[in-house]
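Since the structure comes first, as structure tokens, the remarks are kept for the end.
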Amino acid sequence: MTPPERLTVRGPEDILGFIPHSLGYWPAQSLVAMTLQGKSLGATLRLDLPGREVLASPAQFLLAVRRYLEADKEADGTLLAFFTSNGNASSPSRYDGLLAGLDSMLERAGMPVREAWYVGEDFWREAWCMDASCCPVPGRPVQQIRDSMLNTEMVYRGSSVGPQPEEQLPSVLPVSSLHLAAVREAEAAWSAQLDLRRASRPQFDAVLGLWWALLSRPQGEAWVPEADRDGFLRASLLVPAYRDALLMMAAAGVRAAEAGAGQGGLFRGGCPLDPVAPQEHLPGAGASADGLQGGAVQEELWGQEELCGQGMPGAGLPAYGDVLMGVAPAAPDWDRLNALDLALEQLAAAGGRAAAAAFTGRGWIAWCRGRGSYSAAYLRQALEAEPGYRLAELLLELVRRGTLCGWAARREAAWQKFGPDAA
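Once you know that position 4 of the sequence shown is 8 in my numbering, the rest is easy, because the numbers rise by one and skip nothing.
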């Protein structure tokens with residue numbers, strides 16, 4: 005995330021240069037719409053450009069765009085960019101009719117289109133400019149966008165533009181095949197232990213305690229591969245109740261995760277077996293070298309048994325479905341969700357069924373961020389790792405329908421890649 009200082013836009017090249025940094029990649033065959041709040045950029049929306057059948061009858065597509073953009077309640081204008089696969093930004097364009105429809109619809113919605121551009125592979129031009137002196141045929145070189153001042157400033161601040169989401173490789177730490185084999189061996193051993201303790205409240209606490217401490221580490225602290233710990237974490241992802249509680253805890257806190265587990269009836273009956281975890285991370289085991297234990301964590305996590313010890317949700321705490329859809333809480337803990345995303349990226353490296361859970365978690369986090377392309381890519385990876393993985397299927401259907409996460413639809417709750425008032 006870049007500092008929150010306002011970026012200066014000097015011309016269309018800067019706006020078009022900002023788009024790939026906002027998305028994380030250079031869009032292809034895409035309509036990118038950005039809302040305006042006065043002179044400030046608001047939300048960014050990317051959609052696949054429609055095919056011939058939709059262009060012939062675009063009403064549903066137009067309504068989908070309006071529905072997305074209306075989520076920005078403070079928007080009073082719109083910018084549109086059509087990224088095509090044409091070498092030049094030809095005029096007239098096959099998307100001129102679509103642009104006219106969007107212009108008319110957004111005008112009526114109180115978000116008139118202020119500017120629109122066609123961006124080809126080699127050239128770009130302003131969509132409504134007919135003056136050959138400033139909009140020469142076949143357009144201006146795309147390199148002007150790549151060389152823009154704002155693009156240079158974004159790179160200076162540490163932002164980068166990667167390949168398309170489906171082409172991106174995970175940025176996992178380099179580890180040996182022997183380490184990955186050790187992780188999988190530890191996972192198998194821990195999974196057998198956890199299967200015997202699924203209804204145990206102390207075991208639930210031990211799992212969430214380790215995850216909580218891991219996600220609460222200082223930002224920027226390096227991930228240190230540890231076969232036994234990583235095997236335990238992967239084994240915990242194989243238990244749906246633990247996986248769901250982890251997502252709730254990262255977004256909404258420990259109490260919400262506990263309440264959700266209790267509401268789901270996880271703690272039916274007793275379990276005579278003591279909880280298990282890597283020894284240095286067990287509750288009460290004292291501080292470890294990784295700093296994974298601490299009094300504050302103990303008090304936060306194990307001092308709330310009355311909330312769901314009897315299988316009842318805590319008063320005023322969000323339900324799992326509300327957290328999953330981004331309805332509650334009012335805003336998630338983005339720092340903790342970012343930490344979870346990084347952890348799941350590392351844990352997916354060993355493949356197998358646990359990788360399906362890890363990719364699904366990453367897909368959900370990307371969806372919460374409003375990054376549908378990334379979400380779909382992660383969820384497809386989950387289904388490649390384990391065909392039929394139910395949560396991945398459900399989330400992918402939400403993405404395909406164009407459903408927005410509640411947090412992404414509200415500016416005050418949305419994930420800010422570049423911080424507030426970036427441009």
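All residues carry an ideal CB built from backbone N, CA and C; glycine is no exception.
Predicted, not measured: the structure shown is a model, and the values here were computed from it.
Classification of R394 by the beta-carbon crowding that lies within 10 angstroms, buried from 16 upward: The residue you call residue 394 lines up with position 390 of the sequence shown. Per the 10 Å Cβ criterion, exposed.
Euclidean distance between Cα positions of S34 and L84: Working through the sequence shown from its first residue, we reach residue 34 at position 30. Working through the sequence shown from its first residue, we reach residue 84 at position 80. Using only the alpha carbons, I get a separation of about 10 Å.
Stretch-stretch touch, CB-based, cutoff 8 Å, three pairs: the segment 248-262 with the segment 215-222: yes
Contact under 8 Å by Cβ, H183 with A239: For the purposes of this step, residue 183 is taken as the residue at position 179 of the sequence shown. For the purposes of this step, residue 239 is taken as the residue at position 235 of the sequence shown. No, these two residues do not count as a Cβ contact at 8 Å.
DSSP three-state assignment for P16, whether helix, strand or coil: On the sequence shown, position 12 is the one that residue 16 refers to. Here P16 sits in helix by DSSP.
Local Cβ density within 10 Å of G410, reported as buried at 16 or more and exposed below that: As a first step, residue 410 is located in the sequence shown; it is residue number 406 there, counting from the start. Classification of G410: buried, given that the 10 Å Cβ count is 16 or more.
E191 (DSSP reduced to helix, strand or coil): In the sequence shown, residue 191 corresponds to position 187, counting from 1. E191 falls in the helix class under three-state DSSP.
Within 8 Å, strictly: CB atoms of E74 and A113: The residue given as residue 74 occupies position 70 in the sequence shown. The residue given as residue 113 occupies position 109 in the sequence shown. Yes.
Run of the beta strand (DSSP E) containing S44, from where it starts to where it stops: As a first step, residue 44 must be located in the sequence shown, where it is residue number 40. Segment 44-52, the beta strand (DSSP E) holding S44.
Reduced DSSP category for P244 - H, G, I as helix; E, B as strand; rest coil: Within the sequence shown, residue 244 is the residue found at index 240, counting from 1. DSSP places P244 in helix when its eight states are reduced to three.
Own chain residues within Cβ distance below 8 Å of A347, not counting five before or after: Looking up residue 347 in the sequence shown gives position 343. Closer than 8 Å at the Cβ level, and outside the excluded window around A347, lie L218, L219, W227, L237.
Cβ-Cβ distance between T39 and M115 below 8 Å: Mapped onto the sequence shown, residue 39 falls at position 35. Mapped onto the sequence shown, residue 115 falls at position 111. Yes, these two residues count as a Cβ contact at 8 Å.
Inter-residue CB distance, A260 and L341 (contact presumed, cutoff 8 Å): The residue labelled residue 260 in the question sits at position 256 within the sequence shown. The residue labelled residue 341 in the question sits at position 337 within the sequence shown. With a Cβ gap of about 13 Å, A260 and L341 do not count as contacting.
With 16 other Cβ atoms within 10 Å as the buried cut-off, status of A192: Within the sequence shown, residue 192 is the residue found at index 188, counting from 1. When all chains shown are included, A192 counts as exposed.
Beta-carbon proximity check, A386 vs G367, cutoff 8 Å: As a first step, residue 386 must be located in the sequence shown, where it is residue number 382. As a first step, residue 367 must be located in the sequence shown, where it is residue number 363. Closer than 8 Å, so yes.
Cβ neighbour criterion (16 or more within 10 Å) applied to T88: What you label residue 88 is simply residue 84 of the sequence shown in a count that begins at 1. Its Cβ being crowded by 16 or more others within 10 Å, T88 is buried.
Whole-angstrom distance between S163 and G124, CA atom to CA atom: On the sequence shown, residue 124 is found 120 positions in, with the first residue counted as 1. On the sequence shown, residue 163 is found 159 positions in, with the first residue counted as 1. Taking the straight line joining both Cα atoms gives about 23 Å.
Beta-carbon gap between V36 and T48 smaller than 8 Å: Mapped onto the sequence shown, residue 36 falls at position 32. Mapped onto the sequence shown, residue 48 falls at position 44. Going by C-beta atoms, V36 is nearer than 8 Å to T48.
Residues sharing a beta bridge with E438, DSSP: Residue 438 is absent from the structure shown; the chain starts at 5 and stops at 427.
Presumed contact (8 Å Cβ cut-off) between L383 and L399, rounded CB distance: Here residue 383 is taken as the residue at index 379 of the sequence shown, counted from 1. Here residue 399 is taken as the residue at index 395 of the sequence shown, counted from 1. Indeed, because the Cβ distance is near 6 Å, the residues count as touching under 8 Å.
Cut-off 7 Å between Cβ atoms - residues of its own chain near S195, not counting five sequence neighbours on either side: Sequence index remark: in the sequence shown, residue 195 carries index 191 (1-based). Hits under 7 Å: A239, L242.
Whole alpha helix (DSSP H) elements within the segment 192-230, 4-residue minimum: 205-219
Among G28, A370, D339, P229, the one whose alpha carbon lies nearest that of R221: Translated into the one-based positions of the sequence shown, residue 221 becomes position 217. That would be D339, whose Cα lies nearest to the Cα of R221.
Three-state secondary structure assigned by DSSP to L387: On the sequence shown, residue 387 is found 383 positions in, with the first residue counted as 1. Of the three classes helix, strand and coil, the one that applies to L387 here is helix, per DSSP.
For A256: DSSP bridge partner residues: On the sequence shown, position 252 is the one that residue 256 refers to. Per DSSP, none; premise fails for A256.
Residue burial classification, E17 (beta-carbon count within 10 angstroms, cutoff 16): In the sequence shown, residue 17 corresponds to position 13, counting from 1. Result: buried.
Cβ neighbours of C275 in the same chain (closer than 6 Å, five flanking residues each side left out): Reading the sequence shown from its first residue, position 271 is the one you call residue 275. Correct list, in chain order: R201, A203, S204.
Cα-Cα separation, G81 to Q147: Counting from one through the sequence shown, the residue named residue 81 turns up at place 77. Counting from one through the sequence shown, the residue named residue 147 turns up at place 143. Each residue's Cα considered, the two are about 27 Å apart.
Residue ranges of each alpha helix (DSSP H) within the segment 326-414, 4 or longer: 338-351, 356-372, 376-389, 394-405
Within 8 Å, strictly: CB atoms of L344 and G330: Working through the sequence shown from its first residue, we reach residue 344 at position 340. Working through the sequence shown from its first residue, we reach residue 330 at position 326. No; because the gap between Cβ atoms is not below 8 Å, this pair is not in contact.
Residue burial classification, S61 (beta-carbon count within 10 angstroms, cutoff 16): Here residue 61 corresponds to residue number 57 of the sequence shown, with the count starting at 1. Burial call: exposed.
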